[in-house]
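Listed in order, the protein sequences are those of chains W and B.
Residue numbers for the first sequence follow this note's numbering, beginning at 29 and rising by one.
Residue numbers for the second sequence follow this note's numbering, beginning at 29 and rising by one.
These notes are about the structure you will find just below.
Protein chains: 2
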Amino acid sequence: MERLKRMAESYAWVEGIASRTIIEFKKTHEMLEEVFENYFQEYDISDSKFNLLVILYNSSEKGLMLSEIGDRMLVTKANITGLIDRLEKQGLVKRIRDDTDRRKIQAVITKKGISFTEEVMRKYKEWSGDIMNILNDDEKSRLINIMSKLQKGLVQMEAERRIPHVTA
Amino acid sequence: MERLKRMAESYAWVEGIASRTIIEFKKTHEMLEEVFENYFQEYDISDSKFNLLVILYNSSEKGLMLSEIGDRMLVTKANITGLIDRLEKQGLVKRIRDDTDRRKIQAVITKKGISFTEEVMRKYKEWSGDIMNILNDDEKSRLINIMSKLQKGLVQMEAERRIPHVTA
DNA sequence: TTTAAATAATTAATGCATAAACAATTAACA
DNA sequence: TGTTAATTGTTTATGCATTAATTATTTAAA
């Protein structure tokens, strides 16, 4: 939490309401991350690993192909290999080779993984509630509205950026 | 940007306004990061390296001790070693050994580093302006206010968490 | 049917973060 | 003075992300 005072310092060269909004956004996000990290710490699980677990938790009993997981998480397959390695080491997930197509590997959540995921999901909701009690309902919905507008604008900016400059 | 639709999916298990606020926050942050990343890309510089450069840019001509940089960025010294390594390879920074205390090493920004930093700072302000044009001034200040309240609350939560439970 | 191309996962190299162990140097003090 | 402490920075091992190269297998084509 101390880090935030320093962050403000290192962005002292930023002036104007636009840049300040962005910096405040970064600070707030960093604080939220830190608080959640503290909560998550005792479970020895990262955001990514938790995400992957939830995906498998919501999948069928056969689990999911590694590349399917990568597609859903929008993350490279190399990354999935590593995440699954670590989750497997924790006994939360197992690999099962597909017999009809031996290139494929299904990742399946274990019993231990299921109860673990349920526990963390429960906690996550609890923590979110605690944290967001800081704001009243009006502030929360106002915040959501402004962020939605920002998101839409960003998507549009990106879309425009991607349009190649036609010159002829 | 596509990633965001997926993010919403993987957090489908999250319900209630509190959790939703947090997810929207994460999404918005991720979008901002992505847009800035696209901008930064052509400069071959990460957030961390840029931060470090700005710190040296604002320091005296003698530069700063590596440990001082670590203190300011609230980052481990091992990390600083690596960042300086990479910045040095790019010719933006150089190491100078202190003669009176041979344990110390000063990091000094080079001429190339200075003009580079000025260029990127200028761009950063420009980009921030472009992006935050999405919101009007009223929305920007409202957003800042709500985030400030959230930040204060988070700091307080952390402070309370740190107080050991006295039992006697 | 043999060869070429596509697909699935892993490995290797790199960036950025951490903690822990280490070497070198300086400071403290008995 | 000589031994112990503290400090400064690097190295090593690990986690999590990327891209590019590699292996194994299946599919398509010639």
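Where a beta carbon is used, it is the ideal one built from N, C-alpha and C, also for glycine.
Kindly say whether Lys140 (chain W), judged by its beta-carbon, lies nearer than 8 Å to any beta-carbon of chain B.
Within the first sequence, the letter at position 112 stands for residue 140 (chain W). Chain B, which has no Cβ nearer than 8 Å to the Cβ of Lys140 (chain W), makes this no.
Cα-Cα separation, Gln69 (chain W) to Gly119 (chain W)
If you number the first sequence from 1, residue 69 (chain W) lands on position 41. If you number the first sequence from 1, residue 119 (chain W) lands on position 91. Using only the alpha carbons, I get a separation of about 18 Å.
Nearest candidate by alpha-carbon position, reference Lys90 (chain B), set B:Asp129, B:Ile137 and B:Ala46:
Within the second sequence, residue 90 (chain B) is the residue found at index 62, counting from 1. Of the listed residues, the one whose Cα sits closest to Lys90 (chain B) is B:Ile137.
Any chance you could list the alpha helix (DSSP H) runs of at least 4 consecutive residues sitting entirely within the segment 87–134 of chain B, in chain order?
Positions of the alpha helix (DSSP H) runs, each at least 4 residues long and wholly inside the segment 87–134 of chain B, are given as 94–101 and 105–117 in order along the chain.
Using a Cβ-Cβ distance under 8 Å, would Arg170 (chain B) count as near chain W?
Here the question's residue 170 (chain B) lines up with position 142 in the second sequence. So, interface residue.
Out of B:Gly98, B:Leu92, B:Asp166 and B:Glu58, which one is the CA nearest neighbour of Ser76 (chain B)?
Looking up residue 76 (chain B) in the second sequence gives position 48. When each option's Cα is compared against that of Ser76 (chain B), the closest is B:Gly98.
Is it a yes or a no for the segment 146–165 of chain W touching the segment 153–172 of chain B, going by three-plus beta-carbon pairs under 8 Å?
With the rule of 3 Cβ pairs closer than 8 Å, the segment 146–165 of chain W does not count as touching the segment 153–172 of chain B.
Return no unless some Cβ of chain B is closer than 8 Å to the Cβ of Lys153 (chain W).
Position 125 of the first sequence holds residue 153 (chain W). With its beta carbon less than 8 Å from one in chain B, Lys153 (chain W) belongs to the interface.
Contact criterion: CB-CB distance below 8 Å. Does Leu60 (chain B) meet it with respect to chain W?
Your numbering for residue 60 (chain B) matches position 32 in the second sequence. Closer than 8 Å to some Cβ of chain W, the Cβ of Leu60 (chain B) qualifies, so yes.
With a Cβ-Cβ cutoff of 8 Å, do Met93 (chain B) and Lys132 (chain B) count as a contact?
As a working note, residue 93 (chain B) is residue 65 in the second sequence. As a working note, residue 132 (chain B) is residue 104 in the second sequence. Against a cut-off of 8 Å, the Cβ pair of Lys132 (chain B) and Met93 (chain B) comes out as a contact.
Below 8 Å, can you find three or more Cβ-Cβ pairs linking the segment 54–62 of chain W to the segment 103–122 of chain W?
no
Compare the beta carbon distance of Arg170 (chain B) and Ile172 (chain W) with 8 Å and say whether it is the shorter of the two.
Along the second sequence, one-based indexing puts residue 170 (chain B) at 142. Along the first sequence, one-based indexing puts residue 172 (chain W) at 144. Taking 8 Å as the Cβ cut-off, Arg170 (chain B) and Ile172 (chain W) do not qualify as a contacting pair.
Does DSSP put Ile73 (chain W) in a helix, in a strand, or in coil?
On the first sequence, residue 73 (chain W) is found 45 positions in, with the first residue counted as 1. In the displayed model, Ile73 (chain W) falls within coil according to three-state DSSP, outside both helix and strand.
Should Lys180 (chain W) go down as buried or exposed, given a rule of 16 or more other Cβ atoms within 10 Å for buried?
Reading the first sequence from its first residue, position 152 is the one you call residue 180 (chain W). By the 16-neighbour rule on beta-carbons within 10 angstroms, Lys180 (chain W) is exposed.
Alpha helix (DSSP H) segment containing Ile142 (chain B), residue limits:
Position 114 of the second sequence, counted from the start, is the residue given in the question as residue 142 (chain B). Ile142 (chain B): member of the alpha helix (DSSP H) spanning Lys139 to Met160, first to last residue.
By alpha-carbon positions, which one of W:Arg150, W:Thr109, W:Arg130 and W:Met185 ends up nearest to Gly44 (chain B)?
The residue you call residue 44 (chain B) lines up with position 16 of the second sequence. Measuring from the Cα of Gly44 (chain B), the nearest candidate turns out to be W:Arg150.
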